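I have placed the structure first, in the form of structure tokens, so that the comments after it can refer back to it.
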Amino acid sequence: MSDNKTVLISQEGAVRILTNSNPAARNAITPTLYAELSAALTDAANDPEVGAVVFTGAGDFFCSGGDLNLLAKRRELPASERREKLEGLHNLIRAIRDCGKPVIAAVEGGAAGAGLSMALACDMLVSARDAFYTVAYVKVGLTPDGGATAFLSEFVSRQVLTEMCLTGDRMPAERLHALGAINRLTDKGAALAEAIALATKVANGPQRASARIKTLCRQAHHASLEEQLDAEAVFMVESQADAEAAEGIGAFLGKRKADFVALRHQKQGAS
């Protein structure tokens with residue numbers, strides 16, 4: 001579906017699948033990945049035929065984090081240039097956050113460093129049971145980036161977060177699942193199929209309501225109760241006047257299953 005060098009794009013029903021394809025380097029992140037994945041997320045957000053996005057890595061490992069060969073070359077650069085290059089990763093994290101469609105990570109093998117950040121940046125996470133997660137930066141004398149400390153702090157105590165960051169030890173998928181960071185565990189090799197199944201369920205729902213729900217869930221951890229009540233009120237008022245609510249409520253009262261996919265196709269045909 002594209003001429004990308006790193007990010008492979010495919011479609012299954014209403015699910016857009018984005019694959020970081022650099023298996024020889026265990027899908028290490030690169031500036032090319034930042035640009036291609038950010039553009040692919042924007043395209044998915046603007047495509048009415050896409051209801052949800054799945055992000056995965058080619059082969060048997062999700063992402064090993066930063067390319068240490070590239071990072072080593074940055075040592076002699078001015079601080080401003082090092083910051084500019086880092087913003088490529090951070091803008092990608094923002095693109096995942098700001099994508100109007102739910103983004104689901106499918107993790108096999110493991111996610112290390114910035115790979116962990118990207119996995120946790122997604123709205124939901126499906127992981128193989130034998131996968132591991134590590135804030136590996138300290139092992140090479142670096143500090144976390146990509147929002148790793150922000151995302152992990154939503155699930156673990158300050159003490160556990162500090163241990164993870166200071167030791168770089170691996171955390172099994174089962175422990176992160178118990179902490180609530182992982183939605184579903186699968187057998188080895190089944191994470192992508194499970195993520196697509198979950199994404200399909202979401203994609204068949206009301207897209208505009210789903211986008212509002214994503215925003216509410218994103219800000220709930222940081223907002224005050226008053227801020228969250230106000231945001232919920234704004235979105236509820238918007239949703240009540242939406243054709244999606246007319247279909248959903250009408251289906252419930254008429255004792256039939258709501259068909260939001262047909263509703264979208266009707267709207268596209270009329271436009």
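In my numbering, the protein residues as written are 1 to 271. Where is the CB? At the ideal position from N, CA and C, for every residue including glycine. No experiment lies behind these values; they were computed from the predicted model shown.
- Partner residues in the beta bridge of ILE29, as assigned by DSSP, are GLY66.
- Boundaries of the alpha helix (DSSP H) around PHE235: 225-240.
- Between the C-alpha atoms of PRO172 and ALA178 there is a straight-line separation of about 10 Å.
- When the Cα atoms are used, LEU192 and ALA199 turn out to be separated by approximately 10 Å.
- For ALA128, there is no enclosing alpha helix (DSSP H); the residue is part of the beta strand (DSSP E) that begins and ends at 124-128.
- If only complete runs of 3 or more residues are kept, the stretch 120-183 shows the beta strand (DSSP E) at 124-128 and 132-134, in order along the chain.
- By the Cβ neighbour-count rule, ASN20 is buried, with 16 or more other Cβ atoms within 10 Å of its own.
- Within a 10 Å sphere around the beta-carbon of GLU194 sit 16 or more other beta-carbons, which makes this residue buried.
- In the three-state DSSP reduction, ARG16 falls in the strand class (E or B).
- Annotated as proximal: GLY110 and ALA131, with beta-carbon spacing under 8 Å.
- In this chain, the alpha helix (DSSP H) harbouring THR200 covers 191-203.
- No Cβ-Cβ contact shorter than 8 Å links VAL202 with GLY65.
- In this structure, DSSP gives VAL107 an extended state, which the three-state scheme calls strand.
- Distances from the CA of ASP230 to each of GLU244, THR215 and CYS165 were compared; the closest alpha carbon is that of THR215.
- A distance below 7 Å between beta-carbons, with the five flanking residues on each side excluded, links ASP123 to the following residues of its chain, in chain order: PRO102, VAL103, ILE104 and LYS214.
- The count of Cβ pairs closer than 8 Å, one atom from the stretch 56-63 and one from the stretch 9-29, reaches three, so the stretches are in contact.
- Look at the beta carbons and you see the stretch 35-48 touching the stretch 89-99: at least three pairs across the two are nearer than 8 Å.
- Exclusion of the five residues before and after THR30 leaves THR6, ASN22, ASP67 and LEU70 as the residues of its chain whose Cβ lies within less than 8 Å of its Cβ.
- For the pair VAL126 and ALA106, the CB atoms are nearer than the 8 Å cut-off.
- DSSP places THR56 inside the beta strand (DSSP E), whose first and last residues are 52-57.
- Setting aside the 5 residues that flank it on each side, SER210 is surrounded in the same chain by PRO102 and VAL202, each with a C-beta closer than 7 Å to its C-beta; the list follows chain order.
- Pairing PRO144 with TYR133 gives a Cβ-Cβ distance that is not under 8 Å.
- Excluding the 5 residues flanking it on each side, GLU154 has same chain C-beta neighbours closer than 7 Å at HIS221, in chain order.
- Residue environment for GLY147: buried (at least 16 other C-beta atoms within 10 angstroms of its C-beta).
- Relative to the Cα of ASP3, the nearest Cα in the group ALA245, ASP259, THR32 and GLN159 belongs to THR32.
- Between LEU120 and VAL135, the C-beta gap is not smaller than 8 Å, which leaves the two residues out of contact.
- Counting along the chain, ARG94 sits inside the alpha helix (DSSP H) bounded by residues 79-98.
- Distances from the alpha-carbon of ARG129 to those of VAL237, MET164, ALA190 and GLU226 put ALA190 closest.
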